[in-house]
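**Q**
Protein chains: 2
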Amino acid sequence: MKTLTKEKLTIIGAAGMIGSNMAQTALMMGLSSEVCLYDPYEPGLKGVAAELFQSGFDAAHITYTSDIKEALTGAKYVVSSGGAARKAGMTREDLLKGNAGIAEELGKNIHSYCPNVNFVVVIFNPADITGLITLLYSGLKPSQVCTLAALDSTRLQSALAQHFNIRQNTVHDCRTYGGHGEQMAVFASTAKIGERPLLNLIRTSELTDQQWIDIKQHVIQGGKEIIELRGRSSFQSPAYLSIEMVRAAMGGDTFRWPAGTYVKNEQFDHIMMAMETKITKDGISYKVPTGTPAEMEELTHSYEHLCAMRDEVIAMGVMPEIDKWNTINPNL
Amino acid sequence: MKTLTKEKLTIIGAAGMIGSNMAQTALMMGLSSEVCLYDPYEPGLKGVAAELFQSGFDAAHITYTSDIKEALTGAKYVVSSGGAARKAGMTREDLLKGNAGIAEELGKNIHSYCPNVNFVVVIFNPADITGLITLLYSGLKPSQVCTLAALDSTRLQSALAQHFNIRQNTVHDCRTYGGHGEQMAVFASTAKIGERPLLNLIRTSELTDQQWIDIKQHVIQGGKEIIELRGRSSFQSPAYLSIEMVRAAMGGDTFRWPAGTYVKNEQFDHIMMAMETKITKDGISYKVPTGTPAEMEELTHSYEHLCAMRDEVIAMGVMPEIDKWNTINPNL
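Quick mapping for you: the protein sequence lines, in order, are chains A and B. Here the first sequence is numbered in our numbering, starting from 300 and rising by one per residue. Here the second sequence is numbered in our numbering, starting from 300 and rising by one per residue.
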């Protein structure tokens, strides 16, 4: 099996459920001939490495280490699921503070050990914020760091397919934009059910207003549903989709969903959020989506929600005031 | 993405860690455009299906059901990880009896609902025995049912690579035969370290007799090591390798490892165990391996161990006496 690249891919958080699935997925896709697994939890990391060795993957040289310097040195692609999960008794703020700190460290480590990295994918939550912090401290260009947002769009596609009782691949161009959290903007105007624009179907007997509201709610709450059903957070879909993003950045198949990207324009500024994006060998680029006035208003709400979270992290001292960002990263 | 076949693939035990990984692996490999997930545990099954829907796999029609009749009807390929795991306080016999009963039911269900199935892969433990029981009650030909044994050979490859500190893909033709349990026959005579036959290296300073004994022990105990390291049974490697077997049976890439197969010849009879096998569209075929006298003796020990387990299951009443087998399955 020929791999897409010979450049080193480092998977951070590889001992976890998402990270170990990322590793398997990357090996199955034949992304790189040099795959390095990192996790601070050494026994789990060894166990995951053993699983991969015992799968007989032979196109890649698989290494593992609990030394972040060794893991990142020479890395050209980095994907990180290495945040803490929310535990019982932890407030949302506790989680935010903890993972913001982890993102700061990740950014600084990238800056120190692999400043020549091509592309970084950050997926630990809240990904919009952890991605932003990582970008800031890494010193990378906005085109080099992206976050996972696609799950919301695939949830929309899946929910619409179930509602209309049709094959999922006949539901096209599902899109959510803005934050990957409780305040995302679920767009109807991009989507098509077969050949028919979704907008033409809302408020008809085929999809009542209430049904559409329920579907949007289901999309926003999608993660919770899997926890209830499976007794654990989703890990297969975030792992798989993240690795699809890495593949696109390596010049492989097109990534078909929105990703979180650093946004700087007249409407939205100094923020990371899902836009209409394209990931290629040159990195990630975006266009501001166009939607109905109501959709654009939702997007603005989502942006404001993210700004508030960003400002909370600034108040925590994890990031400096916005006007100082370019002293840390001149690309911002 | 074009799939390898349009014929229905049914994954049994899909709510579990192995089964859900099998499903993702099969979808990533693009095996079939018709993938059905079965598990008696409906919430978990729904959660796994949601994960797959939300991964955006769009080459396959993914369905799920907790009705075994619906799951198997029309199935041309079946892979089952759907046994019980050994739990605290359970004796080996408890597990054997429980999973033997599950295998009997699986065989009977295949016979009832998909007698025209092409190929069945059984991987729940003890796989040599559950595969044998499934074959018996399914009424299928020996060429149509196989079990997972490859993990032992990949463990050997991985252990040798680590010992010699070389890339795993430079260790060739690692083979274990016989049972997939504590009495397997770990062959040295097939393996090569680079260009050098392993046999020439044992009892030299490069690989002392004690080191080789330790490696064999490590291979036999491989599963336990992962439980200790990861806090759970291995699931990625058994899932991945099982799906590689299905792929080979669909006419895809060659399966490079031994598989468990029904054996009937002068030396070994009325048993399922790992031989030198080949899996093609015509099913599985085997050759009895040739090894050193000591290796062949180990293989005989392994066979005898399996015969004892088989006879234990006969004594339990799950299978009839051997001379009655062909009244249930004329192909045996």
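The beta carbon of each residue, even a glycine, is placed where N, CA and C say it ideally should be. Note that the structure is predicted; figures quoted are calculated from it, not measured.
1. When the cut-off is 7 Å and only beta carbons count, does I409/B lie next to chain A?
2. In chain B, what lies closer than 7 Å to E524/A by C-beta?
3. Pairing CB atoms from the region 301-310 of chain A with CB atoms from the region 319-334 of chain A, are three or more of them under 8 Å?
4. For Q516/B and chain A, any beta-carbon pair shorter than 7 Å?
5. Per DSSP, what kind of secondary structure is F567/B in: helix, strand or coil?
6. Distance, Cα to Cα, K396/A vs P496/A?
7. Go to I512/B, then tell me how far its alpha helix (DSSP H) extends in each direction, as first and last residue.
8. Determine the direct distance from the alpha carbon of Y561/A to that of T469/B, and round the result to whole angstroms.
9. Any idea which residues DSSP pairs C445/A with across the strands?
10. Is the beta carbon of S533/A less than 7 Å from the beta carbon of E341/B?
11. Among the candidates V416/B, G430/B, A547/B, whose CA atom is the shortest distance from the CA of I422/B?
12. Near F554/A, what residues of its chain come up, given a Cβ to Cβ distance below 6 Å and the 5 sequence neighbours on each side ignored?
13. Any beta-carbon of chain A closer than 7 Å to the one on D451/B?
14. Can you tell me whether V347/A is helix, strand or coil according to DSSP?
15. State the DSSP-derived secondary structure class of L371/A, mapped to helix, strand or coil.
16. Do we get a CB-CB distance below 7 Å when we pair N464/B with the residues of chain A?
17. Any beta carbon of chain B sitting closer than 7 Å to that of G346/A?
18. Under 7 Å between the Cβ atoms of V444/B and L434/B?
19. Got a sec: is the Cβ-Cβ distance from R454/B to anything in chain A below 7 Å?
20. Taking C-alpha atoms, which residue in I621/A, D357/A, E527/A, G551/A lies nearest to K580/A?
21. How far does the beta strand (DSSP E) with T469/A in it reach, from first residue to last?
22. Exposed or buried, which one is R529/A when buried takes at least 16 other CB atoms within 10 Å?
23. Could you check where the beta strand (DSSP E) with S584/A kicks off and where it finishes?
24. Would you kindly check if the distance between the Cβ of C413/B and the Cβ of A374/B is under 7 Å?
25. Taking the alpha carbon of L344/B as the point to measure from, which residue in T372/B, A325/B, G312/B has its own alpha carbon closest?
26. Starting from the beta carbon of Q467/B, find every residue of chain A whose beta carbon is closer than 9 Å, and list them in chain order.
27. Residues of the region 373-397 of chain B in Cβ contact with chain A at a cutoff of 7 Å, in chain order, please.
28. Let me see if you follow: with CB-CB separation under 7 Å, is G400/B close to chain A or not?
29. Need the endpoints of the beta strand (DSSP E) that R638/A sits in, please.
30. Tell whether a beta-carbon distance below 7 Å holds between A348/B and Y337/B.
31. What does DSSP give as the partner residue(s) for F486/B in the beta ladder?
32. Taking the alpha carbon of D472/A as the point to measure from, which residue in A458/A, I627/A, K491/A has its own alpha carbon closest?
33. Between which residues of its own chain and N630/A is the CB-CB distance below 8 Å, once the five residues before and five after are set aside?
34. Could you tell me which of Q509/B, T626/B, A399/B, E596/B sits nearest to Y636/B, measuring between CA atoms?
35. Are the CB atoms of A458/B and H517/B within a distance shorter than 7 Å?
36. How far does the alpha helix (DSSP H) with C413/A in it extend, from its first residue to its last?
**A** According to the data block:
1. Locating residue 409/B in the second sequence gives position 110, counting from the first residue. No - not a single Cβ of chain A is within 7 Å of the one on I409/B.
2. On the first sequence, position 225 is the one that residue 524/A refers to. Here the neighbours are A349.
3. yes
4. To locate residue 516/B, count along the second sequence from 1; it is residue 217. It does not; no Cβ of chain A falls within 7 Å.
5. For the purposes of this step, residue 567/B is taken as residue 268 along the second sequence, with counting starting at 1. In this structure, F567/B counts as coil in the three-state DSSP scheme.
6. For the purposes of this step, residue 396/A is taken as residue 97 along the first sequence, with counting starting at 1. For the purposes of this step, residue 496/A is taken as residue 197 along the first sequence, with counting starting at 1. In a straight line, the C-alpha of K396/A is about 42 Å away from that of P496/A.
7. Here residue 512/B refers to the residue found at position 213 of the second sequence. The continuous alpha helix (DSSP H) containing I512/B extends over residues 508-519.
8. The residue given as residue 469/B occupies position 170 in the second sequence. The residue given as residue 561/A occupies position 262 in the first sequence. Approximately 44 Å between the Cα atoms of the pair.
9. The residue given as residue 445/A occupies position 146 in the first sequence. C445/A pairs with V420/A.
10. Taking the first residue of the first sequence as 1, we reach residue 533/A at position 234. Taking the first residue of the second sequence as 1, we reach residue 341/B at position 42. In this structure, E341/B does not lie closer than 7 Å to S533/A by Cβ.
11. Start at 1 with the first residue of the second sequence, and residue 422/B comes out as number 123. Ranking V416/B, G430/B, A547/B by Cα distance to I422/B puts G430/B first.
12. Here the question's residue 554/A lines up with position 255 in the first sequence. Answer for F554/A: E543, M544, A547, I578, listed in chain order.
13. As a working mapping, residue 451/B is identified with position 152 in the second sequence. No, D451/B does not count as interfacial toward chain A.
14. Stepping through the first sequence from its first residue, residue 347/A is reached at position 48. Of the three classes helix, strand and coil, the one that applies to V347/A here is helix, per DSSP.
15. Within the first sequence, the letter at position 72 stands for residue 371/A. In the structure shown, L371/A sits in a helix (DSSP, three-state: H, G or I).
16. Residue numbering aside, residue 464/B sits at position 165 when the second sequence is read from its first letter. Cβ-Cβ to chain A under 7 Å: no for N464/B.
17. In the first sequence, counting from the first residue as 1, residue 346/A sits at position 47. Taking Cβ atoms only, chain B reaches closer than 7 Å to G346/A, which makes this a yes.
18. Numbered from its first residue, the second sequence carries residue 444/B at position 145. Numbered from its first residue, the second sequence carries residue 434/B at position 135. It is a contact, given that the beta carbons lie within the stated cut-off.
19. Within the second sequence, the letter at position 155 stands for residue 454/B. Put simply, the CB of R454/B is near chain A, with a gap under 7 Å to one of its CB atoms.
20. Here residue 580/A is taken as the residue at index 281 of the first sequence, counted from 1. Here the closest residue by C-alpha is G551/A.
21. Looking up residue 469/A in the first sequence gives position 170. In this chain, T469/A is not harboured by any beta strand (DSSP E), its DSSP state being neither H nor E.
22. Position 230 of the first sequence, counted from the start, is the residue given in the question as residue 529/A. Looking at its Cβ environment, which holds 16 or more other Cβ atoms inside 10 Å, R529/A is buried.
23. For the purposes of this step, residue 584/A is identified with residue 285 of the first sequence, where counting begins at 1. Counting along the chain, the unbroken beta strand (DSSP E) around S584/A starts and ends at 582-586.
24. For the purposes of this step, residue 374/B is identified with residue 75 of the second sequence, where counting begins at 1. For the purposes of this step, residue 413/B is identified with residue 114 of the second sequence, where counting begins at 1. It is a contact, given that the beta carbons lie within the stated cut-off.
25. Here residue 344/B corresponds to residue number 45 of the second sequence, with the count starting at 1. The residue with the shortest Cα to Cα distance from L344/B is G312/B.
26. Within the second sequence, the letter at position 168 stands for residue 467/B. The answer, in chain order, is F352, G355, F356, D357, H360, I361.
27. none
28. Residue mapping note: residue 400/B aligns to position 101 of the second sequence, counting from 1. The C-beta of G400/B comes no closer than 7 Å to any C-beta of chain A.
29. As shown, chain A starts at 300 and ends at 631. That puts residue 638/A outside it, with no answer to give.
30. Position 49 of the second sequence, counting from 1, holds the residue named residue 348/B. Position 38 of the second sequence, counting from 1, holds the residue named residue 337/B. Going by C-beta atoms, A348/B is not nearer than 7 Å to Y337/B.
31. Numbered from 1 along the second sequence, position 187 holds the residue referred to as residue 486/B. Beta-bridge pairing links F486/B to R474/B.
32. Locating residue 472/A in the first sequence gives position 173, where the first residue counts as 1. Closest by alpha carbon: K491/A.
33. Taking the first sequence and counting its residues from 1, one reaches residue 630/A at position 331. Within the same chain, N630/A has close Cβ partners G438, L439, K440, P441.
34. Here chain B has residues from 300 to 631 only, and residue 636/B is not among them.
35. Walking along the second sequence from the start, residue 517/B turns up at place 218. Walking along the second sequence from the start, residue 458/B turns up at place 159. In this structure, A458/B lies closer than 7 Å to H517/B by Cβ.
36. Indexing the first sequence from 1 puts residue 413/A at position 114. Careful: C413/A lies outside any alpha helix (DSSP H) and carries neither H nor E.
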